[in-house]
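Note sheet for the following structure.
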Amino acid sequence: MSRRGLFAGGAATAAGALARRDTPPPQPGAQVEPFHGPHQAGVATAAQAHAVFLGLDLLPGTRKEAIVRLLQLLTDDAARLTQGRPALADTEPELTASPARLTITFGFGPGLFEAAGAGSPVAGLPAFSTDKLDKRWTGGDLLVQVCADDSLTVAHAVRMIVKDARSFARMRWTQRGFRGQAAGKTQRNLMGQVDGTVNPTDLDSAVWIGQSGPAWLRGGTTLVLRRIRMQLETWDAADRVAREFTIGRRLDTGAPLTGRAEHDEPDYHRLNRLGFPVISEFAHIRRAHVSDPARRILRRPYNYDEGLTRDGKSDSGLLFASYQADIARQFVPVQRSLAEGDLLNEWTTAIGSAVFALPPGCAPGGWIGETLLS
Numbered sequence: 001m002s003r004r005g006l007f008a009g010g011a012a013t014a015a016g017a018l019a020r021r022d023t024p025p026p027q028p029g030a031q032v033e034p035f036h037g038p039h040q041a042g043v044a045t046a047a048q049a050h051a052v053f054l055g056l057d058l059l060p061g062t063r064k065e066a067i068v069r070l071l072q073l074l075t076d077d078a079a080r081l082t083q084g085r086p087a088l089a090d091t092e093p094e095l096t097a098s099p100a101r102l103t104i105t106f107g108f109g110p111g112l113f114e115a116a117g118a119g120s121p122v123a124g125l126p127a128f129s130t131d132k133l134d135k136r137w138t139g140g141d142l143l144v145q146v147c148a149d150d151s152l153t154v155a156h157a158v159r160m161i162v163k164d165a166r167s168f169a170r171m172r173w174t175q176r177g178f179r180g181q182a183a184g185k186t187q188r189n190l191m192g193q194v195d196g197t198v199n200p201t202d203l204d205s206a207v208w209i210g211q212s213g214p215a216w217l218r219g220g221t222t223l224v225l226r227r228i229r230m231q232l233e234t235w236d237a238a239d240r241v242a243r244e245f246t247i248g249r250r251l252d253t254g255a256p257l258t259g260r261a262e263h264d265e266p267d268y269h270r271l272n273r274l275g276f277p278v279i280s281e282f283a284h285i286r287r288a289h290v291s292d293p294a295r296r297i298l299r300r301p302y303n304y305d306e307g308l309t310r311d312g313k314s315d316s317g318l319l320f321a322s323y324q325a326d327i328a329r330q331f332v333p334v335q336r337s338l339a340e341g342d343l344l345n346e347w348t349t350a351i352g353s354a355v356f357a358l359p360p361g362c363a364p365g366g367w368i369g370e371t372l373l374s
């Protein structure tokens, strides 16, 4: 290369580097999820890394007018915070600068409907033989689900919501969860399994409530939140063959035992050389299998880890969040099948359970719940 060409190439490289320096890189945490719309965010939204589920009980004597004021206030908070703006009474406005895909989602439990003098579209689940429910993690009049990719963003939003709800409701429970952030990959739970492989693709038929539901709830959905404790110490003692037999999937790829890739359709009719089903009748994926796409549930699970108990055992598990148009038609049959014969019951126990109706979204200037209470 000539001297002139060498200097010209060097100048071009320097100019390119200068241009790159002049273009500021995207700020981490700057991504925003829309708040307003026909559906609430936080359901079909790609799952964020961190979540806090708040269960609140209305204060005694709270009636419809007070519930309206509460929901108007919390909706305004959520509409601002999710867009990276401070709430009206925000004493730490600097903490809103990184919205990090923050979503804030509201749900109504049976107690809220009773206080508002309205009929409830959701009711408590039937008893399942494998449940060992703890009142600490059960029930609730109002759900607030807060999710984001930044735990500081979540913590600030939770504090703001709790402060503004204090005159109307008291805290019943707080459940914190986390999950992996790898884009395009199914998250893994603390047992090492991929969790959430089979989800509905047609949300209009499986998740969002349509013309067959109450008029005020159209565009909304329902949530079943289950706190599932895992016995990780005894799971550690199970070898890989036993674990994969229990789940019905390979641990490394998430593929069904009859397939090669995670999303291959399981073959429940295939037999091994001894004449037994390759995927056991009692394998988790077989017990949870739903053939009708309209009856599938939308799984959006989060892991939880509360450290160690006094006897040195892990206090860990899964916050299983299931969204569906009809709890009785979609969630209950699956859970009944699991309770009756899932091999995984040896290592998992539901210790918390709550059900909520999630109203549709709202337009700018509106508020969540106005379709029911206005």
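In terms of the UniProt record's numbering, the sequence shown opens at residue 1 and continues consecutively. Every residue, glycine too, gets a C-beta built ideally from N, C-alpha and C.
Three-state secondary structure assigned by DSSP to residue i
{"i": "HIS263", "result": "coil"}
{"i": "SER374", "result": "coil"}
{"i": "PRO277", "result": "strand"}
{"i": "ALA146", "result": "Checking the sequence, you will find Val at residue 146 rather than Ala. Residue state, collapsed to three classes: strand."}
{"i": "ALA350", "result": "strand"}
{"i": "SER98", "result": "coil"}
{"i": "ARG300", "result": "coil"}
{"i": "ILE209", "result": "coil"}
{"i": "ALA357", "result": "strand"}
{"i": "residue 377", "result": "Because residue 377 is not part of the residues shown, which for the chain are 1 to 374, the question remains open."}
{"i": "THR62", "result": "coil"}
{"i": "VAL68", "result": "helix"}
{"i": "VAL194", "result": "strand"}
{"i": "ARG310", "result": "coil"}
{"i": "GLY37", "result": "coil"}
Bridge partners - residue i, DSSP secondary structure assignment
{"i": "GLY258", "result": "A small fix is needed here, since residue 258 is Thr in this sequence, not Gly. Beta-bridge pairing links THR258 to no other residue."}
{"i": "GLN324", "result": "THR222"}
{"i": "ASP131", "result": "None; ASP131 has no bridge partner."}
{"i": "TRP216", "result": "DSSP, once it has assigned bridges, lists no residue as partnering TRP216."}
{"i": "ALA182", "result": "ALA182 pairs with nothing; no bridge assigned."}
{"i": "ASP305", "result": "SER316"}
{"i": "MET171", "result": "LEU56"}
{"i": "THR138", "result": "SER353"}
{"i": "ARG85", "result": "Answer by DSSP bridge pairing: none, since ARG85 is not bridged."}
{"i": "ILE247", "result": "BP columns for ILE247 are empty, so no partner."}
{"i": "ILE228", "result": "LEU318 and ALA350"}
{"i": "GLY177", "result": "ALA51"}
{"i": "ARG188", "result": "VAL194"}
Sub-9 Å separation of residue i and residue j beta-carbons
{"i": "GLN48", "j": "LEU102", "result": "yes"}
{"i": "ARG295", "j": "PRO256", "result": "no"}
{"i": "ALA354", "j": "VAL224", "result": "yes"}
{"i": "residue 421", "j": "GLU262", "result": "In the structure as shown, the chain begins at 1 and stops at 374. Residue 421 is therefore absent and cannot be evaluated."}
{"i": "GLY259", "j": "THR186", "result": "no"}
{"i": "ASN272", "j": "ASN189", "result": "no"}
{"i": "GLY227", "j": "ALA350", "result": "Reading off the sequence, residue 227 comes out as Arg, not Gly. Cβ atoms of ARG227 and ALA350: closer than 9 Å."}
{"i": "ALA169", "j": "LEU70", "result": "yes"}
{"i": "ALA97", "j": "GLY107", "result": "no"}
{"i": "SER212", "j": "PRO293", "result": "no"}
{"i": "CYS362", "j": "THR75", "result": "yes"}
{"i": "VAL122", "j": "PHE53", "result": "no"}
{"i": "LEU58", "j": "ALA66", "result": "yes"}
Boundaries of the beta strand (DSSP E) in which residue i is found, first to last residue
{"i": "MET160", "result": "That residue, MET160, is in no beta strand (DSSP E); its alpha helix (DSSP H) goes 151-165."}
{"i": "ASP57", "result": "50-58"}
{"i": "GLY107", "result": "103-108"}
Candidates the options, of which the one nearest residue i by Cα
{"i": "LEU344", "options": "TRP367, PRO293 and ARG287", "result": "ARG287"}
{"i": "LEU318", "options": "ARG159, ARG179 and ARG136", "result": "ARG179"}
{"i": "ALA283", "options": "LEU274, ASP267 and LEU56", "result": "ASP267"}
{"i": "LEU112", "options": "PRO86, PHE356, GLY365 and THR138", "result": "PHE356"}
{"i": "GLU114", "options": "LEU125, ASP134, ASP292 and LYS64", "result": "LYS64"}
{"i": "LEU298", "options": "GLN211, PHE320, ARG310 and GLY307", "result": "PHE320"}
{"i": "ALA148", "options": "VAL158, LEU142, GLY140 and GLY139", "result": "VAL158"}
{"i": "TRP137", "options": "ARG229, MET160 and LEU372", "result": "ARG229"}
{"i": "LEU372", "options": "SER314, ILE327, GLY220 and ALA41", "result": "GLY220"}
{"i": "GLY352", "options": "ARG218, ASP326, GLU340 and TRP173", "result": "TRP173"}
{"i": "LYS163", "options": "ALA89, ASP252 and LEU217", "result": "ALA89"}
{"i": "PRO234", "options": "GLU346, VAL241 and VAL198", "result": "For the sequence presented, residue 234 should be read as Thr rather than Pro. Ranking the options by Cα distance to THR234, first place goes to GLU346."}
{"i": "ASP342", "options": "ASP77, PHE35, PHE245 and GLN330", "result": "PHE245"}
Boundaries (first-last residue) of the alpha helix (DSSP H) holding residue i
{"i": "GLU233", "result": "232-237"}
{"i": "PHE294", "result": "The amino acid occupying residue 294 in the given sequence is Ala; Phe does not appear at that position. That residue, ALA294, is in no alpha helix (DSSP H); it is neither H nor E in DSSP."}
{"i": "residue 398", "result": "Here the chain covers residues 1 to 374 and nothing more, so residue 398 does not appear."}
{"i": "HIS269", "result": "Counting along the chain, HIS269 falls outside any alpha helix (DSSP H), and DSSP gives it neither H nor E."}
{"i": "HIS284", "result": "284-287"}
Residue i: CB within 8 Å of a non-hydrogen atom of the ligand ADP
{"i": "THR309", "result": "You won't find the ligand ADP in this model; it holds no ligand whatsoever."}
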